[in-house]
Amino acid sequence: MLTRRSLLQRSSLGLGSLALGGLLGEDGLLASENPLLSRGGHFPGKAKRVIHFFLNGGPSHVDTFDPKPALAKYAGKPLANTLTTERKTGAAFPSPFRFDRYGQSGIEVSELFAKTAQHIDDIAVIRSMHAQVPNHEPSLMLMNCGDSVQARPSFGAWALYGLGTENQNLPGFVAMCPGGMPIKDSENWQSAFLPGAFQGTYIDSKHEELGKLIENIDHPQIASGDQRRQLDLLARWNARHREARLDERLDARIHSYELAFRMQHEASDAFDLSKEPAAIRALYGDTVHGRQTLIARRLLERGVRYVQLWHGAGQPWDNHNDIEKNHRNLAADIDGPIAALLADLKQRGLFEETLVLWGGEFGRTPTVELSGAGKPQMGRDHNHYGFSVWMAGGGIKGGTVHGATDEFGFKAEKDPVSVHDLHATMLHLLGLDHERLTYRYAGRDFRLTDVHGKVIREVVA
Amino acid sequence: MFSAGPRTLCLAFVLMPIALSRAAVTPEGEAFFETEIRPVLATRCVSCHGPEKAEGGLRLDARDPIVGLVEQGGFVRVIRGQSTAPAACVLEPRLAESFEQWIALGLPWPGRATVTSAEDRAAAAKRHWAFQPVREPSLPPGAANPIDAFIRARLAESGLEPSPEADPRALLRRLSYTLTGLPPGSVTTSPDWAAIVDQTLASPQYGEHWARHWLDVARYSDTKGYVYAREEKNWPHAWVYRDWVVAALNEDLPYDRFLMLQLAADQVEGKRPGDEAAMGFLTIGRRFLGVKHEIIDDRIDVVSRGMLGLTVGCARCHDHKYDPIPAADYYALHGVFDSSVEKLVPLPGGDETFWKGHAERVATLDATLTKLRNEAADRVRGRLADYLAAQTELDKYPADGFDQIFQKTDLLPAFVHAWRDYLRDAGERNDPVFRHWHAYRATTPDQYMKVAVSGAHPRVAAAFATPPKDFAEVIARYAAVLKEVGEDPVLRAITHGPDSPCEVPEGPLVNTETFFDTESINALWKLENGIAQAIVGAPPGVRAALTLADRQRPTEPRILLRGNPLNLGERVPRRLLGVLSGEEDAPFSVGSGRLELAKAIADPSNPLTARVIVNRVWAQHFGAGLVATPSDFGTRADPPSHPELLDWLATWFVKEGWSLKKLHRLILTSETWRQSSQGPDDAAARAKAVAADPGNRLLWRMNPHRLGYEEFRDAMMAASGELDLTLGGKPVEALKPPFAKRRALYGRIDRQFVPGVLRLFDFANPDLHIPKRNETTVPQQALFFLNHPLVLERARAVAKAGESHATDPDRVRALFRATLQRDPSDSEIGEALALVDAAKDVDRPEAPPTASDWSYGFGSFDEAAQRVAGFTVLPHFNGTAWQGGEAWPDAKLGWVQITAIGGHPGNDRSHAAVRRWTAPRAMTIAIQSKLVHEPAASDGIRAFVVSSQVGLLGSAKLHAQSTDLKVEAIAVAAGETIDFLVDIDEGLNSDQFLWSIAVRELGEGDGEKPSLAWEAKRDFPADTTTALTAWEQLAQAVLCSNEFLFVD
């Protein structure tokens, strides 16, 4: 049984933070209970929840948030510092997209994210990210779970472990991906050695019917009084069964039926976009990504801790060929919804406590990809040496650029930021110390950041 | 965090430090300190109260400060948990007692040493209880069953008493679940408890249930997890391993033999046909994209934690922080597994023709492999200068795990690294051939001319008769020498020998693929997959094992610093963990050493093996182990609650021939196991026990058990009498309709797609060795019981099973017996029938009259005739959709499906989804509809609106867009049909669509009949199939009850 006691034994969150949540049982014992109950972290965090736009496949930083005019200068010429990536690349390949300065900060953003860029003064761009290898699978694992190869809990699972979730009628960690799963499938939101309740709940957001959106939420007789009567009988029998027994788990399970009953209704409500005014629906757009983003906002405002929005099944942003057309289409899917979300969070007063993260598993080469026969493909190969992500809201210092890649955008050069650093920073914003958020498994105290990671103070407000 | 509050600080000035002044340390005192005190200080205290961190200003690494605390009286209060100090400072009673004894002895402390040095910690760790030989303790008096003797003695010490025996029904249910994972077959009982235990142990379902416990340890999965598209994802042998475990447990194979076969069935003497299957234990792990070090790490982990309860994996990057396991030990085992390669072995049985075909497929692979290996080696030999030059820029050649796409013309990092290793080894042994190479590498460019080398191989010496002008010339000269090796045996060995860095090393593709270009890898995987897929798809008589076999030349392991394969450290011999071997133990000498490792693990003198399995069995029967962490017996683990009992059981178990069944019998016939879970009858005694030992570590009562996923699924099947008890075989679909009626053990486990339901119910993560499942309670579990199709199906089946009873009360009785193995009370019957009556009274929504004008089928659009051809009604309605059968896609009709709001076309154009409206009378209608196709993948869909009389009324071709299809006004005859048809267009991929359709009669209607209106969504059949009847609702309530899910 995963009681608060066993959580305490395995965690270094410490008694203090849990006791602060007022969770001690009346008898002084640590009663068995739902491990998802909301609790405070190590210190008060600015962010209460996270939304992560995951541009799976790897968006090109030199075509979005990291302008490299030198590429135009050297267009068509080989670059001296061309690094080894998955495939062969050739000459410098200038961005086909226009960059403009936005906001008071004057940060340059490409036309692909012109709508998002309207909010640039609320955004901190990190231009010096780096990962470990130029392959999707390990890089997805690193970005989501902090380890390229081994089965480790994802960021969302760690967040639930550390903080629980604020709404017991909804899953605390939701991963939406329209049309199927990204590569590596549910490993991306796994709980690994953490309890299964902390893993992400996958939702295929291409659907509009509730029953297809969430597993086990729909019941043919919900509308009638049947289920209520069933539950009343169940409660009576369970209470009688409980009388002579010394097992707190029985209470927890009795309680869970009432929670589940409410969840059916609350979840239906959260996913029902017809409850949104027409103007808001228009703001996000009546597209898969518009709806997915709007659902995300409804989940966040209902207290869901972590929402991850994937672009689509497989690896849509993996544009080895014809990046101009492909990146333009992909960005058009999400630029509007992202800008809408930022505006909407602000007008609802949710922005300050919602951490928004944008990025992929790596970036792309500033050099053009070559076919086996050496022909330029007008696309870019994977690049883990340097890439960009940005964050906004939730304690982030807006209008900031942190770090830089080299002249051409191949490699993080100034203030390099590892994925562990990014995770440490995100946990910090949530009020969790990445060195103290540990879980005992296989004789070791595991951390999301393993033995690495440092908080990037420069992007914290 | 050893807190010294203001109160204790004051006391420090009051008490006199006389009694505890330092006296000469006696040998007994020293021994006591070294065995009882120092290990505890080293592992429990000094990390917070030592030189690195002195929490609360206190240090416990030397005698004087401890004396101070003892004098204040605070020390004992803190370790006894009688102060406000943090929980981490409180010691287990046994340890606290030792400290009290030590204080009584005058705190003997040899010399001036502190307990913080690393050597101290290692030494202390070596004295850790679990590394000491198992000793047979003397039996406390007063109980027939030794277990009861130990448990009673410990309870008595704490002033607690055991609970009375549980009632017979609870006992039977407990016994049946703990041994077979199933509810008891009948409610009868016999006075001879031991006979009932034996009977249950003899049931084949025992082996199935306990196999699942072992499969948790063995991180069982039917698939490899994520693999690149080139590799087959199903393991061909996993289920064969699972069946081997079931059979081994059922025949009570001695546990030492059980382990030996799983580690080294390829080598142990006297193995029986089919025993090779046992080695699945090592080979069913995750594939880790073929990265060798990860696969080996997974095997080291499953062996060390699974069989020895040791967390050896920690030593991959550095010496274990807490346990005496240096990195050298990890790499000693790494060498054992690196010297063993996968080998697929056909097992006896199966169709001869199949195996003939198999042999041909293997021969083709081998021939191709030989050819491609030779070509690869020739390419390296053809580019020696390039591979030697690459040694000067190694950073351009990343390690395994950094995947690149390679042409045949590329230099392959794997060969660059093979040369690197070869050259380094040659340097270490001062090899005559590479003497010049290393001499020049060691110097600076301007010193080249002055390097003097003697004793080089004559051909090399000749090549270096004149000094080279730079290192490029060194490379060129070596390349020239190695290009023309002629018949010189020494030189030839370098370019053509079995250890040559030009040759692809021995081993299966998964270990060698990096030595090939991408095209060759794909070709080889295709052949390899052909072999695996044929086995996966073969009838169940065809069985194969994936074993390990020793390499002809075992590898000599090196420590990888920080676990980084590019960062080589010292060489280490392949050998047993130092903490388990005597100082004099020689390195392994037979092949990989795997057989020697297996023997050492299965040796009766191994201090861990028997303790670990005895504790695992105990933990399954009692819900908690004597050691609370069944796979970690290291210094960080809590010590056993009953150390003498653990040792007694381990000794007895080995003496009794490592028989698991005997161990079960001993435990299950004990009064300790048979006591009630509800505590002593006497309320005061119960309250005292709850207060003194709330976690029930001392076992003053039985721990209740919540059924795990497999148990409740099987119980739900058994409740309707439908559980299929067939033993063994290929995996089945357990959580997708149609739900297999086999035991949950046989449900297919795909580690890449572990169903949410399994994770929700704390199923063992098949990627990680799981010593103990969590038992969480979250509302999503309740949602499963309320709404999951499996539970609804079970509720229907259970209700149906009781239909034959004449009276309603009898039907309730039958339901209770089938699910809870007891009769209901009168009030329960009354309550149950009240629910049934109330549910019967509810008005079911009636279908609108317009519903009958629709039908749902498939067909095709006949371009020539402009009509719908071959319309056929879809045979199956699942409550929300019409489709080909219970499973979707259907084996025959494929993906075609129609729902209230849309659907999915079938796999080709002749299986278009057709929603058909039939005119009930002659009238004029208007049609409005909106069709949406969303996915960007695929080529989209085609849609047609077709009248049976006039033909095509409208059409559209859609790809990630929406359109309105309308008909303003059209006269239809009675019986005329309008079809709304969607097909896949060119390709089957993401063709699902949404189509809202409204048909409206124009005008005033027909005389007294008002005008009609149809809506596809509103008129779609209500969910009558999934809606539960009154009795089904009752059955579901029982299946949801805590009484069903918990075992007392």
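Keeping their order, the protein sequence lines are chains A and R.
Heads up, the first sequence is in this note's numbering, so the first residue is 1 and it goes up one at a time.
Heads up, the second sequence is in this note's numbering, so the first residue is 462 and it goes up one at a time.
Think of the CB as a built atom: it goes at the ideal place given N, C-alpha and C, for glycine as much as any other residue.
Within the model, the alpha-carbon separation for Ser268/A versus Asn169/A is close to 10 angstroms. Looking at the backbone, the Cα of Leu833/R and that of Gly735/R are separated by about 33 angstroms. Secondary structure of Leu1021/R (DSSP, three-state): strand. The beta-carbon of Val304/A is placed no less than 9 angstroms from the nearest beta-carbon of chain R. Residue-level contact by beta carbon fails for Trp310/A and chain R, as no gap is shorter than 9 angstroms. Interface annotation, Ser682/R: not in contact with chain A, CB-CB separation never under 9 angstroms. Cβ contact annotation for Arg1135/R (same chain, cutoff 7 angstroms, sequence separation greater than five): Glu626, Ala627, Leu632, in chain order. In the same chain as Gly1364/R, and ignoring 5 residues on each side of it, the C-beta atoms closer than 6 angstroms to its own belong to Gln1358, Ala1374, in chain order.
At the C-beta level, Ala679/R and His1230/R come within 9 angstroms of one another. Residue state for Asp1185/R is assigned as strand, using DSSP reduced to three classes. In this chain, the beta strand (DSSP E) harbouring Gln1344/R covers 1342–1344. Exclusion of the five residues before and after Gly1448/R leaves Ser1399, Asp1400 as the residues of its chain whose Cβ lies within less than 7 angstroms of its Cβ. Excluding its 5 nearest sequence neighbours in each direction, Lys1478/R has C-beta neighbours in its own chain below 6 angstroms: Ala1361, Ile1362, listed in chain order.
At least one beta carbon of chain A lies nearer than 9 angstroms to the beta carbon of Ser1092/R.
With respect to Phe1222/R, Gly196/A sits close: the two C-beta atoms are nearer than 9 angstroms. In the displayed model, Thr367/A falls within a strand according to three-state DSSP. For His1166/R, DSSP records a beta bridge to Val1508/R.
Here Arg1203/R has Asp1185, Val1193 as same chain residues with Cβ atoms under 6 angstroms from its own Cβ, once five neighbours each way along the sequence are excluded.
Secondary structure remark: continuous alpha helix (DSSP H) runs of at least 4 residues inside the region 1114–1158 of chain R, in chain order: 1121–1129, 1132–1135, 1144–1153.
For Thr772/R, the chain A residues whose Cβ falls inside 8 angstroms of its Cβ are Ala442, Gly443, Arg444, in order along the chain. Against chain R, the CB of Tyr284/A has no partner CB under 9 angstroms away; the residue lies outside that interface.
Secondary structure of Glu1031/R (DSSP, three-state): strand. For His1230/R, no alpha helix (DSSP H) segment is defined, and its DSSP state is neither H nor E. Measuring C-alpha to C-alpha distances from His327/A to each of Asp406/A, Leu112/A, Cys177/A identifies Leu112/A as the nearest. Closer than 9 angstroms to the CB of Asp758/R there is at least one CB belonging to chain A. Remark: fewer than three beta-carbon pairs, one from each stretch, lie closer than 8 angstroms, so the region 996–1013 of chain R and the region 843–861 of chain R are not flagged as touching. In terms of beta-carbon proximity, Val752/R lines the interface with chain A, with at least one pair separated by less than 9 angstroms. Unbroken alpha helix (DSSP H) runs of no fewer than 4 residues, entirely contained in the region 223–267 of chain A, are found at 226–242, following chain order. Here Asp1369/R has no same chain residue with a Cβ atom under 6 angstroms from its own Cβ, once five neighbours each way along the sequence are excluded. Beta-bridge pairing by DSSP links Glu803/R to Leu1009/R. By the neighbour-count criterion, in which 16 or more other beta carbons inside 10 Å mark a residue as buried, Arg249/A falls on the buried side.
The DSSP-derived three-state label of Gly843/R is helix. Membership of Leu350/A in any alpha helix (DSSP H) is not indicated, and neither H nor E is assigned to it by DSSP. Look at Ala461/A here: in three-state DSSP terms it is coil, with no helix or strand label. Counted as a single uninterrupted DSSP element, the stretch harbouring Gly1086/R is not any alpha helix (DSSP H), since DSSP gives it neither H nor E.
A straight-line Cα-Cα distance of about 13 angstroms links Asp727/R and Thr744/R.
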